[in-house]
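Number of protein chains: 4
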Amino acid sequence: MLPFESDYNNGAHPELLRRLVETNSQTSLTYGFDQWSQSAREKIRVAADAPNADVYFLTGGTQTNMTVIDGCLQPYEAVVSVETGHINIHEAGAVEFTGHKVIALPHHNGKMSGLELDAFMRQFTDDDSREHLAQPGMVYITFPTEFGTIYSKDEIEDIYGICQRYGLKLFIDGARLGYGMMAEGVNISLPWLSRHCDVFYIGGTKVGALCGEAVVFPRGNAPKHFFTTIKRHGALSAKGRTIGVQFDALFTDNLYFEISKHAIKMAMRLKAILQSKGYQFFIDSPTNQQFVVISNDRIKQLAEQVEFTVWEPYAADAKVCRFVTSWATTDEQLNELEKWV
Amino acid sequence: MLPFESDYNNGAHPELLRRLVETNSQTSLTYGFDQWSQSAREKIRVAADAPNADVYFLTGGTQTNMTVIDGCLQPYEAVVSVETGHINIHEAGAVEFTGHKVIALPHHNGKMSGLELDAFMRQFTDDDSREHLAQPGMVYITFPTEFGTIYSKDEIEDIYGICQRYGLKLFIDGARLGYGMMAEGVNISLPWLSRHCDVFYIGGTKVGALCGEAVVFPRGNAPKHFFTTIKRHGALSAKGRTIGVQFDALFTDNLYFEISKHAIKMAMRLKAILQSKGYQFFIDSPTNQQFVVISNDRIKQLAEQVEFTVWEPYAADAKVCRFVTSWATTDEQLNELEKWV
Amino acid sequence: MLPFESDYNNGAHPELLRRLVETNSQTSLTYGFDQWSQSAREKIRVAADAPNADVYFLTGGTQTNMTVIDGCLQPYEAVVSVETGHINIHEAGAVEFTGHKVIALPHHNGKMSGLELDAFMRQFTDDDSREHLAQPGMVYITFPTEFGTIYSKDEIEDIYGICQRYGLKLFIDGARLGYGMMAEGVNISLPWLSRHCDVFYIGGTKVGALCGEAVVFPRGNAPKHFFTTIKRHGALSAKGRTIGVQFDALFTDNLYFEISKHAIKMAMRLKAILQSKGYQFFIDSPTNQQFVVISNDRIKQLAEQVEFTVWEPYAADAKVCRFVTSWATTDEQLNELEKWV
Amino acid sequence: MLPFESDYNNGAHPELLRRLVETNSQTSLTYGFDQWSQSAREKIRVAADAPNADVYFLTGGTQTNMTVIDGCLQPYEAVVSVETGHINIHEAGAVEFTGHKVIALPHHNGKMSGLELDAFMRQFTDDDSREHLAQPGMVYITFPTEFGTIYSKDEIEDIYGICQRYGLKLFIDGARLGYGMMAEGVNISLPWLSRHCDVFYIGGTKVGALCGEAVVFPRGNAPKHFFTTIKRHGALSAKGRTIGVQFDALFTDNLYFEISKHAIKMAMRLKAILQSKGYQFFIDSPTNQQFVVISNDRIKQLAEQVEFTVWEPYAADAKVCRFVTSWATTDEQLNELEKWV
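Below you can see the structure in the form of C-alpha cells.
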C-alpha cells in the first residue's frame, strides 16, 4: 500500500534515531532538565532569534493545544478559532474538558479573516451583556491550516494587531510548522513568527520525530508555574531526554527545515501528478496536504492500492480526499502513485 | 420608566408571597424533603400526567442547564444546540466549565431543524474519525426559543425521533415554558411534552416566582445520584422550602398557566401596538418576547421613557430590540407605552 | 417534633418577609443591580467599615465556597483546609469539581493550627519537588467552625500573617457568622474581620433569610471579572432583588446581629439543660451548635420526640449528636426539650 | 556522579532501541492501530493469561493515572488512596483537575489497610448524609508502593473483596510493576493480578522504555469510548508505534521481567552495602527503592559524588533519603558507591 494518508505514518528521521542510540548509555537529569533538552532549547532560541524564549517540550499536538490554551487563559476566558480549527473538531472536546469555550468564526480556505475577527471583537465589546458571556482571551490559528493553506505576513500582522488591541493572546499551532515555512513563496521565518504572536509550537511528531512538540513563549512570557500546569495536564515527560535529544538533532544543521523542504518538493510533485490526471482540486494548497474531489466509485478502487483520507462529503456521489507527503516520502512512492491515480 | 426589558424585573406573584408568609412559622425538613416540595412534586406529576416523574427544584436557569446537561452526559459527550441557544451564548461558558462541548447547528428563527440535526448525526456516524470527536449525547432545545418562537408538535416529534434513533437524550429548556404553552394556536401540553423528551424544566423565575426552576425527568429517569450531582454543582438549596412553597402555589388551581395566559394576552396587545405604529418586526413571535428593528436615533429617544433590550446589530443605523411582557404586565403599562412608541 | 437538627429548618425572619411583600410590586433592574441590592451592599460596607468593599450576593453556602475558591485561585492552585472543613467533606467534592485540590491539615476542635499551617508551608517551600505539587494558593477557615468553636483574634492574626508571608489568600466561611460574632466573650467584629482576611461571606440562609450569602472582598479586591465567574458557576440570580431585599433588611437596625444574639441565648440555655441532665459534651462550643455523646439506645428513644443530627460514630454503642438553635428557636421549644432529654 | 536518584535517569534498554531502529523504515497505521501495538497487545494478553483484555498504550504515569481514574469514574465519584499515594501528592492535583476528589486514608509503610478501607466504607454507607458527599467509586493502590513495599496476595485479595462488596473498582498503579513482581519472596504474577483488580498498568518508562505505560482492563472491561477519553485527555499518541514497538520488545522473551530481576539484584546489593555501612533504614523495602535516614551534614558531603533524592524531613538534623536502582544499574556503579557512602 502506498502511504499518503498522513505525515505520521512513519518512524523517526534516521538522524534522530542515531542520536537517541548515541546518547542512550548516558544518565541524565529528568523532567526536561537533561543536557539535550537544555541544548535543544538553546538552539531553538538561536533559530528563532529569541534569546529570552521559554521553551517546553510536550509529547503530542492535542496535549500541547489543551495545555497551552488552559495554561494561558483565565478560567472564565474562551479561545477564538475558525470552525475548522483542529481544537474545534478533531480533539474530542479536549479544550472544553479544561473548562474553556471554543468560539468558532467562519473559515476561508481554513483561515481566519482579520476583518471578521475585528467585527466579532467590536460587537463583543459593544455588547451590554458581555459580562454574561465567556470572555475572549486568546486567538488560535494554525500554520499551515488544516487545509494546507498559509497565512501571509500581512494576514498574521493584521490578526496580531487586532489581538493586541483587544488584549487577546495569539497562539499559533505549528504541528506542521516546517511544512508551512518551507512552502514556495512563503517568507515567514522563525524569528519573524516569534515577533508576531505570544506563543507557538514547533511540531515534531509530523516532522521527523517519534513524538514531541516544542512550545515557544518567545519573550520569556510563559505563564507563572507553567511547569506545574504541564504536570497537572499529565503532559510532563519523566524522561524528558526522549524528546530533548530529538529536538536537539532537529535543530542541528537546519535539519528541521531541510527535511520539511523535501516534503514540500514531494508535495508539489504529487500536486502535479494529480493535476495531470485531471483531478478536481478542492483547495489550492502550497503545503504537504493536498485535497481533491473524487467520486465514491473511484475512492473504492483507489483505496485498494493507496492509503489516503476521506476528508468530508462533497456531493452525493463524491468526497473530498486528502493526500499527504512528509519528510519520509520518496520519489519511488510517487512514481508508483502515478500508476494508480 | 416603563419596564419591558425582561420578565424577571418584578417580584413574585402575590399568591406565592402569601403562601410563603402563611407557611413561614412552620419548621420543616431541609434540602427539598419538606412537605411543600413534596406536595409540589406530586402536583407537577399530576399536571404532567407522569406519575413516576422525578422532580428536582433548582434556583435559576443557567444553573439548571449546566446541572442537567453535566448530570445526564458522560464526560466525553457533547450537547447539540442551535447557535443562538442560551447555553451557547448567554451563560458565560457554564456548560464548557463542566467539561462539555456545545456543538452549534444553524438556527431558523431560533429553532433547530430536524433535517439538519439528522444530517449532522448521519455525517457523524459515517465519519471514520468519529472516535476523535466529542460524542454527541444530548440535544438541547428551548421552548419557547430565545426569539419567542415555538416548535410545533411535528417538529418536536421529529427531533425526538432523531434523538431516539441516534441514542441522544432530548432536553427542553422551559425557562418560559408557560408563555410557550399558552401562546395562541399552541396545543402542546405538559403531558404531551413529558412524553416527547427525556428531561425538561418548568421555569419559575420568569413565571411568577422569586426564584426556582422545576426539573422533570418524566419517566423516573433521573441519572443515578442526581441529588449528589446537584449538590456538587452548588445547586442544592438548604431551605428547599423556599422554592417548594412557590411551586406548590404555582401548581395549585392552574395558577402557573393562568398567569402565563395573562402575559400572552399582554404580549399580543403589545404586538398590536407596535404593528399599528409601523414598527418593522424582526421575527414573528407568538409569545411574550417581541423583536422589532429600531433606528439608532429612535432607540436613544425611546430609552428615556421605556426599558427594553438592545438585542443585536441589524444595520449600521438600526438595531434589533426586544420588548417583553410577563405575568405582571398591566394594561396601564401598555396604555402608557402606546403614548411613547 | 422538636426541631433542633439545624438552623435552616425554618422560614425567614418575619421582617425579611415583610420587606419582600412591601417591595414586591416595584419593578427593578436585574442580576443584582436593583435598588435593594445596592442599598444592602452599602449597608454592609458601613457595618464592615470597608467603604471600598466589593459585595456579591449568592444563593447558598456550597455554591459560595466553590465560586469564591475557584474565582480566587489560579487553576494550578489548591486550597488548604482542616480535614473537618465543610469544603473537604460535606460538599460532594464541589471544590474538586472546579479543578482544585483541597489540602487537608489536622483539626483541633474544628480549628486550624497556625503552627501546623506554618510548618506545612515551610516544608512545601523547602521541597525541591514542589513544582510537581498542587500549589497552595488559599487558606479556608470557618467562623464559627463545623464544631461550633471560635478562633480567637490572636489565632486569626497568626493565620493571616502566615498567609501573607507565603502569598496565600485567606477566605473565611461565615455561613454562621452572626452566631460566631455574638457568642459570649467573642470580640471579633465585622470591621476587624474585614481587616484580617482577603474575602469572607456573611451567611444569610442560616441566619434569618430564605436564601442568600453575602460575599465581601473588603478592600475592593474582587478578582477580575468575578461577575462572569459567578454566572459561569450558575450562581447569578436573575432576580437579584430576592436576596438583596433580605440583606437590606438584615443590615437595617442591626437585625442580623440581634437575631444572632437570640440564637446564642437559646444555645446557652440548651447547653445548660443538657449539662444539668448529665450529658457528656463532645466539645465545648460557645455557639449555636452543641455536640454531645449519646448511647445508641437513647438516640432511638429521643428521636421519637426530638429532631437532632447523628453526627459521627463515637464508640461501638454511642454516637456524637448535634443539637442546633437558631434565630427562630423559642423558650417554649426549650421547655419542651427539657422534658424529653 | 553516581546516578541513584531515580529509575528514569537513563535511556532505553538497548533491545528496545534496536527494535525501533529495525522497524523505523516501515510505514504503519496511526493512533495505536499499527502492527507492533497490535502485537504487543496480544503478547500482554498472553503474559497476563487474559485473552479478552483491553490494552491501551499511554505515555507517562501521571497521564495514565488521571485518564484511567477519570475514565472509570462517574463525575460525582471519588477515588480512595492512601495519603502517600502518588495521585494524592506528586501529580500536581491532576486527578482533581479532572473533577474528582482523592479521599486519603492513612498509610502503613505505604500500603492501605483493608481493615481501614472497610471501616471507611462501612461508615460511609451508614452515614445518613452520604448523598451530600463525594461518592467513593474506585480504590487506587500502587504495586510496589511509593516506599518500595509490596502488598501480599492476602492483602490484595482482601482489598479487592472489599471493593467488590461496596461496588468500587480497584485500580493498581504499576509504574514499577516489574520491580514489584520480581522482588524476593513475591509470588504475584501478571495472570494473578489480572484476576484481582479491575484495571492496572504495566509501567514502561521506569522499566526499560523511552516512554510508555500499558493500561490493561483484564476482562475486556474498558469503559465505553475509552479511546475518545484518551484523546480528550491529550493522551493519544499519533505515532502509537513509538510505544507499541517498545512494549512488543519488552514482552518478547520475558524481557520486561528479566531486566526487572536485574534491578532487584542490584537493589539488594545496594541494601547490603548501606546496611554494612551502618545506615539506619527508614523502611524495609524489598524492591528497587531504598530509604535511609541521613544526617544533614552527611547529605551535603554525599551529594558531591552521588545523586539521590532527599525524600522528606525526619528530624531537625536528618532527612529520609531515597536511593534507586533500575534495569540499567551496574555492578561498577555499586562498587563506586560503596567507596563513598
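Residue numbers (our numbering), protein chains in the order written: chain A, 128 to 468; chain B, 128 to 468; chain C, 128 to 468; chain D, 128 to 468. Glycine is no exception: its CB is placed at the ideal position from the N, C-alpha and C atoms. No experiment lies behind these values; they were computed from the predicted model shown.
Query raised in the report: Considering only the beta carbon of each residue, do T332(D) and Y183(D) sit closer than 8 Å?
Result: By one-based count along the fourth sequence, residue 332(D) stands at place 205. By one-based count along the fourth sequence, residue 183(D) stands at place 56. Not closer than 8 Å, so no.
**Report entry** Cα-Cα separation, K404(C) to M128(C)
**Finding:** Mapped onto the third sequence, residue 404(C) falls at position 277. Mapped onto the third sequence, residue 128(C) falls at position 1. C-alpha separation (whole angstroms): 20 Å.
Requested in this report: Can you say whether Q432(D) is buried or exposed, counting buried as having 16 or more other CB atoms within 10 angstroms of its CB?
Outcome: The residue labelled residue 432(D) in the question sits at position 305 within the fourth sequence. Label assigned to Q432(D): exposed.
Query raised in the report: For the alpha helix (DSSP H) that contains K333(B), what are its first and last residues?
Result: On the second sequence, position 206 is the one that residue 333(B) refers to. Taken as a continuous stretch (DSSP letters only), K333(B) belongs to no alpha helix (DSSP H), as it is neither H nor E.
Requested in this report: For F354(A), return the contacting residues in chain C, with the cut-off set at a CB-CB distance below 8 Å.
Outcome: For this step, residue 354(A) is matched to residue 227 along the first sequence. Ordered by position in chain C, the residues that pass the 8 Å Cβ test against F354(A) are E258.
Requested in this report: Would you be able to state if there are at least three C-beta pairs under 8 Å between the segment 227-245 of chain B and the segment 269-288 of chain B?
Outcome: yes
Requested in this report: Identify every residue that forms a DSSP beta bridge with I421(B).
Outcome: Residue numbering aside, residue 421(B) sits at position 294 when the second sequence is read from its first letter. I421(B) pairs with K446(B).
Requested in this report: Report the partner residues of K296(D) according to the DSSP bridge assignment.
Outcome: The residue labelled residue 296(D) in the question sits at position 169 within the fourth sequence. Beta-bridge pairing by DSSP links K296(D) to M265(D).
Query - For S208(B), the residue or residues it bridges with in DSSP - result: Position 81 of the second sequence, counted from the first residue, corresponds to residue 208(B). Per DSSP, A231(B).
Query raised in the report: Ordered along the chain, which non-local residues of its own chain (more than five positions away) have a Cβ less than 6 Å from that of F353(A)?
Result: Position 226 of the first sequence, counted from the first residue, corresponds to residue 353(A). Taken in chain order, the residues that qualify are G198.
Query raised in the report: Which whole-angstrom value describes the C-beta separation of T194(C) and G367(C), a residue pair presumed to lie in contact below a C-beta threshold of 8 Å?
Result: As a first step, residue 194(C) is located in the third sequence; it is residue number 67 there, counting from the start. As a first step, residue 367(C) is located in the third sequence; it is residue number 240 there, counting from the start. Their Cβ separation, rounded to whole angstroms, is 15 Å, which puts T194(C) and G367(C) out of contact at 8 Å.
Query raised in the report: Which residues in the same chain as T470(A) place their Cβ atom closer than 6 Å to its Cβ, once the five residues preceding and following it in sequence are excluded?
Result: Residue 470(A) falls outside the range modelled here, since chain A spans only 128 to 468, and no answer is possible.
**Report entry** Contacting positions in the segment 208-226 of chain C - beta carbon closer than 7 Å to chain D
**Finding:** I216, H217, A219, G220, E223, F224, G226
Report task. Run the CB neighbour count on Q190(A), radius 10 Å, all protein chains shown included, and call it buried at 16 or more, exposed below. Result -> Taking the first residue of the first sequence as position 1, residue 190(A) is located at position 63. The residue in question, Q190(A), is buried, as its Cβ has 16 or more Cβ neighbours within 10 Å.
Query raised in the report: Where does W104(D) land, buried or exposed, given buried means 16+ other C-beta within 10 angstroms?
Result: As shown, chain D starts at 128 and ends at 468. That puts residue 104(D) outside it, with no answer to give.
**Report entry** Within chain C, partners of R359(B) - CB distance below 7 Å
**Finding:** Here residue 359(B) refers to the residue found at position 232 of the second sequence. Those within 7 Å of R359(B) in chain C are A219, G220, A221, F224.
Query - Other residues of its chain near M393(A): CB distance less than 6 Å, five sequence neighbours each side excluded - result: Here the question's residue 393(A) lines up with position 266 in the first sequence. Closer than 6 Å at the Cβ level, and outside the excluded window around M393(A), lie T452, T456.
Query - DSSP state of E311(B) mapped onto helix, strand, coil - result: Along the second sequence, one-based indexing puts residue 311(B) at 184. It is coil, neither helix nor strand.
Report task. Could you check if P178(D) is buried or exposed, using at least 16 other CB atoms within 10 Å of its CB as the buried criterion? Result -> Counting from 1 along the fourth sequence, the entry for residue 178(D) is found at position 51. Label assigned to P178(D): exposed.
Query - Contact list for Q190(C) against chain B, beta-carbon separation under 9 Å - result: Translated into the one-based positions of the third sequence, residue 190(C) becomes position 63. Simply T186, Q190, H360, G361, A362, L363.
Report task. Return the residue from the list G220(D), Q262(D), E459(D) that minimises the CA-CA distance to Y293(D). Result -> Within the fourth sequence, residue 293(D) is the residue found at index 166, counting from 1. When only C-alpha atoms are compared, the closest one is Q262(D).
Requested in this report: Have a look at W469(B) and L147(C) and give me their C-alpha separation to the nearest angstrom.
Outcome: No statement about residue 469(B) is possible, as the shown extent of chain B runs from 128 to 468 and does not include it.
Query - Inter-stretch contact at 8 Å, needing at least 3 Cβ pairs: the segment 279-286 of chain C / the segment 348-362 of chain C - result: Proximity of the segment 279-286 of chain C to the segment 348-362 of chain C falls short of the contact definition, fewer than three beta-carbon pairs being nearer than 8 Å.
Query raised in the report: Buried or exposed: which applies to E340(C), given that a residue is buried once 16 or more other Cβ atoms fall within 10 Å of its Cβ?
Result: The residue you call residue 340(C) lines up with position 213 of the third sequence. With 16 or more other Cβ atoms within 10 Å, it is buried.
Requested in this report: Could you pull out every residue in the same chain whose Cβ sits closer than 6 Å to the Cβ of A349(A), ignoring the five residues on either side in sequence?
Outcome: In the first sequence, residue 349(A) corresponds to position 222, counting from 1. Hits under 6 Å: D181.
Report task. Give a yes or no on whether 8 Å exceeds the smallest Cβ distance from P440(C) to chain D. Result -> Locating residue 440(C) in the third sequence gives position 313, where the first residue counts as 1. For P440(C), the answer is yes, since a Cβ of chain D falls inside 8 Å of its Cβ.
Query raised in the report: From S166(C) to L382(C), what distance separates their C-alpha atoms?
Result: Indexing the third sequence from 1 puts residue 166(C) at position 39. Indexing the third sequence from 1 puts residue 382(C) at position 255. Approximately 15 Å, taken between the alpha carbons.
Query raised in the report: Is any beta-carbon of chain A found at less than 8 Å from that of P202(C)?
Result: As a first step, residue 202(C) is located in the third sequence; it is residue number 75 there, counting from the start. Yes, contact with chain A.
Query - C-alpha gap between K427(D) and I329(D), whole angstroms - result: Along the fourth sequence, one-based indexing puts residue 427(D) at 300. Along the fourth sequence, one-based indexing puts residue 329(D) at 202. Rounded to the nearest angstrom, the two C-alpha atoms are 36 Å apart.
**Report entry** Same chain, Cβ closer than 6 Å to S133(D), five either side skipped, listed in chain order
**Finding:** Here residue 133(D) corresponds to residue number 6 of the fourth sequence, with the count starting at 1. Closer than 6 Å at the Cβ level, and outside the excluded window around S133(D), lie V451.
**Report entry** Sufficient close CB pairs (3 or more, under 8 Å) joining the segment 210-223 of chain C to the segment 253-267 of chain D
**Finding:** yes
Query - Status (buried if at least 16 other CB within 10 Å, exposed otherwise) for G305(C) - result: Locating residue 305(C) in the third sequence gives position 178, counting from the first residue. Buried, because 16 or more other Cβ atoms sit within 10 Å of the Cβ of G305(C).
Query raised in the report: How about the segment 307-315 of chain D and the segment 385-399 of chain D: do they share at least three Cβ pairs that are nearer than 8 Å?
Result: Yes: at least three Cβ pairs fall under 8 Å.
Query raised in the report: Straight-line CA distance for T355(B) to N314(B)?
Result: Taking the first residue of the second sequence as 1, we reach residue 355(B) at position 228. Taking the first residue of the second sequence as 1, we reach residue 314(B) at position 187. So the alpha carbons of these two residues sit roughly 36 Å apart.
Query raised in the report: L143(D): which of C338(D), L429(D), V209(D) sits nearest, CA to CA?
Result: As a first step, residue 143(D) is located in the fourth sequence; it is residue number 16 there, counting from the start. Looking at the Cα atoms, C338(D) is the closest of the given residues.
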